[in-house]
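Below: the structure, in structure tokens.
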Amino acid sequence: MLTRPACRSVEFAETFKDPSVVAAYRHRPPHPPGTFDLLKRLIVDRPGSLLDAGTGLGDLARKLAPDCERVDAVDFSEGMIETARSLPGGDDRRIRWLCASIEEADLAGPYALITAADSLSWFDLDVVIPKFAGLLTRNGVLAVVDRSAQAGLREDDIIPRYSLNRDYVGWDPVTALEEAGLFERLGQECTGPVPWTPTIEEYIERRHSQNGFSRDRMSRRQAAEFDAAIRARIAEQVKEGSVRMEEGRLLGELAGSVVWGRPVPRLRATSERGILGPTRQ
37 MLTRPACRSV EFAETFKDPS VVAAYRHRPP HPPGTFDLLK RLIVDRPGSL LDAGTGLGDL
97 ARKLAPDCER VDAVDFSEGM IETARSLPGG DDRRIRWLCA SIEEADLAGP YALITAADSL
157 SWFDLDVVIP KFAGLLTRNG VLAVVDRSAQ AGLREDDIIP RYSLNRDYVG WDPVTALEEA
217 GLFERLGQEC TGPVPWTPTI EEYIERRHSQ NGFSRDRMSR RQAAEFDAAI RARIAEQVKE
277 GSVRMEEGRL LGELAGSVVW GRPVPRLRAT SERGILGPTR Q
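For the record, in the sequence shown the residue sitting at position 252 is 288 according to my numbering, with numbers rising by one throughout.
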């Protein structure tokens, strides 16, 4: 079995249903334009159908819908789905918004592309990977989409001090899948960098969209102290010149990454490895 670390438990996943996290989610950095160009090129088969797994506010689904015959956008957070519908492109008739866990969602494949942006590490991979494998078209791929934004802020001491997710460790689900023989990587490409210029308040709210900083779970004092610590650090680094601001906005950079390939059914993976029973990580 593929075991997720404790920091990716169901308990922390439930944070994304919190109204405060849903409200803060729009302050997350956008995907670089090059990410969308790449994903469009990965849609080879027809009909050009897309499954956006763990869609959040539908950043991918809403932008890619005009280039697809149909889109299934799935998220288990009702608040995320409701908000996504109200955003630009959210009323596109090609999009079917589904409020369900990806493990239990009633999906209508086949799909020429399955995307997972900031979401794959939250899934039960032992359930999802065989499911994805059976839903892809002949040339269809699973694309794992990531984004990172930097403004030069040193906050490595602040984040663990206030985060409610005390078990946090870095974990790459793609690597875990490859080591288990459950994912065949076909390509990887970086997009960007492009400018990223949030205000200080937008930067702070972006942090509150993360599972360890939900305002619904932090005390008012914790949240206020965390916000004050970030503001103080920004002021300190602006003064010393290591963080740049212009017209009230931080001057940062945004980059993206897409890894794509084919999910491998466990039966095939175990057969190729000559292993009887479940593959072990």
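Here a beta-carbon is modelled for each residue, glycine too, at the ideal position from N, C-alpha and C.
Counted within 10 angstroms of its Cβ, other Cβ atoms place residue i as buried (16 or more) or exposed
i      : result
Gln273 : buried
Pro41  : exposed
Glu105 : exposed
Glu241 : buried
Val80  : exposed
Glu308 : Caution is warranted here: a pLDDT of 49 is assigned to Glu308, below 50, making its placement in the model unreliable, and the coordinate value is therefore given only provisionally. Answer is exposed; the Cβ neighbour count stays below 16.
Leu96  : buried
Arg44  : buried
Pro234 : buried
Trp207 : exposed
Gly310 : Only weak support is given to the placement of Gly310: the predicted model assigns it a pLDDT of 44, under 50, and the question is left unresolved by the model.
Arg183 : buried
Thr151 : buried
Ser56  : buried
Gly284 : exposed
Arg256 : exposed
Arg174 : exposed
Leu143 : buried
Gly277 : exposed
Val164 : buried
Pro231 : exposed
Gly92  : buried
Thr211 : exposed
Ser122 : exposed
Simplified DSSP assignment, three categories, for residue i
i      : result
Leu156 : helix
Asp73  : helix
Leu189 : coil
Thr173 : strand
Arg44  : helix
Ile194 : helix
Arg22  : Nothing about residue 22 can be read from this structure; the chain reaches only from 37 to 317.
Pro55  : helix
Val107 : strand
Glu50  : helix
Pro299 : strand
Gly92  : coil
Ser184 : strand
Ser113 : coil
Ile165 : helix
Ala120 : helix
Leu100 : helix
Thr330 : Outside the modelled stretch of the chain, which goes from 37 to 317, sits residue 330, for which no answer is possible.
Thr306 : Any reading at Thr306 must be qualified, since the residue scores a pLDDT of 47, below 50, and its modelled position is unreliable; no value is offered.
Pro209 : helix
Residues bridged to residue i [DSSP beta-bridge criterion]
i      : result
Tyr61  : Looking at the DSSP assignment, Tyr61 forms no beta bridge with any residue, so it has no partner.
Tyr204 : According to DSSP, which records beta bridges pairwise, Tyr204 is partnered with nothing at all.
Ile131 : Val107
Arg285 : Thr235, Glu282
Ser293 : Asp182, Cys226
Leu87  : Asp108, Ile150
Residue i and residue j closer than 8 Å at C-beta
i      : j      : result
Leu134 : Val110 : yes
Gly297 : Arg221 : yes
Asn247 : Phe112 : no
Val177 : Leu86  : no
Ala120 : Gly145 : no
Asp63  : Ser245 : Sequence check: residue 63 is His here, not Asp. It is a contact, given that the beta carbons lie within the stated cut-off.
Arg243 : Asp54  : no
Pro301 : Pro166 : yes
Leu290 : Pro65  : yes
Phe159 : Glu140 : no
Gly288 : Ala153 : no
Thr71  : Val181 : yes
Asp128 : Ala101 : yes
Leu149 : Ala179 : yes
Glu215 : Arg269 : no
Phe219 : Pro299 : yes
Val279 : Leu189 : yes
Asp108 : Arg132 : yes
Gln258 : Tyr198 : yes
Exercise. In chain order, which alpha helix (DSSP H) runs of at least 4 residues are fully inside the segment 213-276?
Worked result: Segments of the alpha helix (DSSP H) lying fully in the segment 213-276: 236-244, 256-276.
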